[in-house]
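Residues 198 to 404, numbered by the working numbering, are exactly what the sequence shown covers, in order.
Glycine included, each C-beta is placed from N, C-alpha and C at the ideal position.
Just so we're clear, the structure is a prediction, and the values are computed from it rather than from any experiment.
Worksheet: one structure, shown below.
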Amino acid sequence: MEGKNIQKMKLLIVLTALFTFKTYSFETDQNHSFQTPESTVEAFEEVTINLLKSSDSLTVDERYYHTLRRIEHIIDFKTMARLILGDQLNEEGEDLKNQFIHELMKLSARAMALNYKNYNNQKYTTTKIKKNHSKAVVYTDFLASDRETVPFKFMLKRNDKGNWQIINIVAGGVSELSLKRIEYKDFLKNKRLQDLINVLKRKNEFK
């Protein structure tokens, strides 16, 4: 009898853990294709809100790996890498190019896992959308607190499969793409791409 009660308790604990985990819906949306720029931006916003909500219940590593799996489909890191390094990227071998793209993706997931924390009813509101057949800009306001609203501008591109992906995010007037372009191109004046990749790998190591 006592053994059955213990088994029931274990089952209850497992079910509770699963229910709690699913409330953050990191894994509930398996849609990897986004037919409109709005749906892509909404998917990104969902990831960040879930990060905020889970900051007290999941470790940084857990939040990082959840984020990494999602943004791989939401953000076009291949295009971002090309926009950041330009012709310098084309001069490198395919292996180094792929390594750089992968570390760039890991860097974004790491930054999101570290920075999106402490949920306090933050939310996004879309204010304007501009788009044509292949490019789009989605403007949103991020309500960070009762006294602070941060304007976001998402720049997107439609890929060969007809799916929309983010290629740049401008938050509070600061372009993530521009910052990386300035920093990395300056670094590569005297260094090689392999050196830059090694720096990114060290940054992507969680302490």
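Would you mind working out which of Phe351, Ser342 and Asn315 sits nearest Lys327, comparing C-alpha positions? Your numbering for residue 327 matches position 130 in the sequence shown. Among Phe351, Ser342 and Asn315, the Cα nearest to that of Lys327 is on Phe351.
Closer than 6 Å by C-beta to Arg378: which residues in its own chain qualify, once you throw out the five before and the five after it? Chain order, please. The sequence position of residue 378 within the sequence shown is 181, counting from 1. When the five nearest sequence neighbours on each side are left out, the beta carbons in the same chain lying within less than 6 Å of the beta carbon of Arg378 are those of Ile281, in order along the chain.
Please name the residue in Leu385, Asn329, Lys400 and Lys250 whose C-alpha comes closest to that of Glu289. The residue you call residue 289 lines up with position 92 of the sequence shown. The option with the nearest alpha carbon to Glu289 is Leu385.
Nearest neighbour of His330, chosen from Val396, Arg266 and Arg355 [CA to CA]: For the purposes of this step, residue 330 is taken as the residue at position 133 of the sequence shown. Taking only the C-alpha atoms, the option nearest His330 is Arg355.
Going by DSSP, name the residue or residues bridged to Ser254. By one-based count along the sequence shown, residue 254 stands at place 57. None, per the DSSP bridge assignment.
What are the residues that DSSP puts in a beta bridge with Asn365? To locate residue 365, count along the sequence shown from 1; it is residue 168. Checking the DSSP bridge columns, you'll see Asn365 partnered with Met352.
My output table needs one value for Lys398: the three-state DSSP class, helix, strand or coil. Counting from 1 along the sequence shown, the entry for residue 398 is found at position 201. DSSP places Lys398 in helix when its eight states are reduced to three.
Grab me the residues of Asn401's own chain with a C-beta within less than 7 Å of its C-beta, minus the 5 sequence neighbours each way, in chain order. Start at 1 with the first residue of the sequence shown, and residue 401 comes out as number 204. Only residues of its own chain outside the window of five on either side were considered, and among them Glu300, Lys303, Leu304 and Arg307 have a CB closer than 7 Å to the CB of Asn401, listed in chain order.
From the DSSP output, in three-state form, read off Ala341 for me. As a working mapping, residue 341 is identified with position 144 in the sequence shown. Ala341 falls in the coil class under three-state DSSP.
Taking a contact to mean a Cβ-Cβ separation below 7 Å, would you say Ile364 touches Met277 in this structure? Taking the sequence shown and counting its residues from 1, one reaches residue 364 at position 167. Taking the sequence shown and counting its residues from 1, one reaches residue 277 at position 80. Contact flag set, yes.
Relative to the alpha-carbon of Lys294, which residue among Thr256, Ser372 and Leu390 has its alpha-carbon at the smallest distance? As a position in the sequence shown, residue 294 is number 97, starting the count at 1. Relative to the Cα of Lys294, the nearest Cα in the group Thr256, Ser372 and Leu390 belongs to Leu390.
Per-residue DSSP class, three states only, for Ser331: Stepping through the sequence shown from its first residue, residue 331 is reached at position 134. Here Ser331 sits in coil by DSSP.
Excluding sequence positions up to five away, which residues of its chain have a Cβ less than 6 Å from the Cβ of Tyr313? By one-based count along the sequence shown, residue 313 stands at place 116. Its chain contains Thr245, Leu248 and Leu249 as the residues whose beta carbon lies nearer than 6 Å to that of Tyr313, once the 5 sequence neighbours on both sides are disregarded; these appear in chain order.
Near Tyr262, what residues of its chain come up, given a Cβ to Cβ distance below 6 Å and the 5 sequence neighbours on each side ignored? In the sequence shown, residue 262 corresponds to position 65, counting from 1. Hits under 6 Å: none found.
Suppose the cutoff is 8 Å on Cβ atoms and the five residues either side in sequence are ignored; what does the same chain contact list for Val396 look like? To locate residue 396, count along the sequence shown from 1; it is residue 199. Around Val396: Phe384.
Can you pull the DSSP bridge partners for Ser375? As a position in the sequence shown, residue 375 is number 178, starting the count at 1. Paired residues: none, contrary to the question.
Euclidean distance between Cα positions of Gly359 and Ser230: Position 162 of the sequence shown holds residue 359. Position 33 of the sequence shown holds residue 230. Cα-Cα distance, rounded: 8 Å.
Can you give me the Cβ contacts of Leu265 inside the same chain, cut-off strictly under 8 Å, excluding the 5 residues immediately before and after it? On the sequence shown, residue 265 is found 68 positions in, with the first residue counted as 1. Met302, Lys303 and Ala306, listed in sequence order.
Could you name the residues that DSSP lists as bridge partners for Ile272? Here residue 272 refers to the residue found at position 75 of the sequence shown. Answer by DSSP bridge pairing, in chain order: Ile363.
Report the rounded CA-to-CA distance for Thr217 versus Arg399, giving the unit in angstroms. For the purposes of this step, residue 217 is taken as the residue at position 20 of the sequence shown. For the purposes of this step, residue 399 is taken as the residue at position 202 of the sequence shown. With a pLDDT of 34 at Thr217, under the threshold of 50, the modelled position of that residue is not reliable, and the figure given next carries that caveat. Near 33 Å, if we compare the C-alpha coordinates of Arg399 and Thr217.
Near the ligand ADP: Leu265 beta-carbon under 6 Å from a heavy atom: Among the components modelled here there is no ligand, and therefore nothing to report on the ligand ADP.
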